[in-house]
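A.B. asks: Here the sequence shown stands for residues 14 to 122, where the numbers follow the numbering used here.
All C-beta atoms in this analysis are idealised placements derived from N, C-alpha and C, irrespective of residue type, glycine included.
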Amino acid sequence: MNFGQAISTCLSKYATFSGRASRPEFWWFFLFQILVSVAASMIGDTVAALASLALLLPALAVGTRRLHDIGKSGWWQLIGLTGIGLFVLIYWWVQPTTEGSNAHDVVAA
Numbered sequence: 014m015n016f017g018q019a020i021s022t023c024l025s026k027y028a029t030f031s032g033r034a035s036r037p038e039f040w041w042f043f044l045f046q047i048l049v050s051v052a053a054s055m056i057g058d059t060v061a062a063l064a065s066l067a068l069l070l071p072a073l074a075v076g077t078r079r080l081h082d083i084g085k086s087g088w089w090q091l092i093g094l095t096g097i098g099l100f101v102l103i104y105w106w107v108q109p110t111t112e113g114s115n116a117h118d119v120v121a122a
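1. Going by alpha carbons, who is nearest to G61 out of G98, E38, L99, V49?
2. Candidates I83, G84, W105: which alpha carbon is nearest I92's?
3. By Cβ distance, which residues of its chain are closer than 7 Å to S35, with the 5 residues on each side in sequence left out?
4. Excluding the 5 residues flanking D58 on each side, which residues of the same chain have their C-beta closer than 7 Å to its C-beta?
5. Using a Cβ-Cβ cut-off of 7 Å (strictly less than) and excluding sequence neighbours within five positions of A19, which residues of its own chain qualify?
6. Taking the C-alpha atoms as reference points, what is the distance between M55 and A64?
7. Using three-state DSSP, classify E8 as helix, strand or coil.
8. In three-state terms, what does DSSP make of V119?
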């Protein structure tokens, strides 16, 4: 998956928290977020805040799908709020894909 495909996929799955996301999809979208944030901050603080807000939901969604891809629940993203948990998330996000089906991407009734 290249840069354009990753952006297209992530934005088309704007709020899709089920399924899986490959490492390239996740990291290309991460780079896109950084580039948009830098460009928006050059324009102004309000534009930067709006851009960050607009990309928050797809970032959470692709992060959840990436965690599903390694066999973790998307709820693990909450440990990023602790500060040190961000390092754990980065470690998980760089892990290779696990084979087989994933119970975490199935929504419980």
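C.D. replies: Answer, in terms of the structure:
1. The question names Gly, but residue 61 in the sequence shown is Ala. For A61, the nearest C-alpha among the options comes from V49.
2. Measuring C-alpha to C-alpha distances from I92 to each of I83, G84, W105 identifies W105 as the nearest.
3. Excluding sequence neighbours, S35 sits near M14, D82, T110.
4. Cβ within range, chain order: n/a, list empty.
5. Result list for A19: P37, E38, W41, F42, in chain order.
6. Rounded to the nearest angstrom, the gap between the Cα atoms of M55 and A64 is 12 Å.
7. Residue 8 is absent from the model: the chain starts at 14 and stops at 122.
8. With a pLDDT of 48 at V119, under the threshold of 50, the modelled position of that residue is not reliable, and the figure given next carries that caveat. DSSP places V119 in coil when its eight states are reduced to three.
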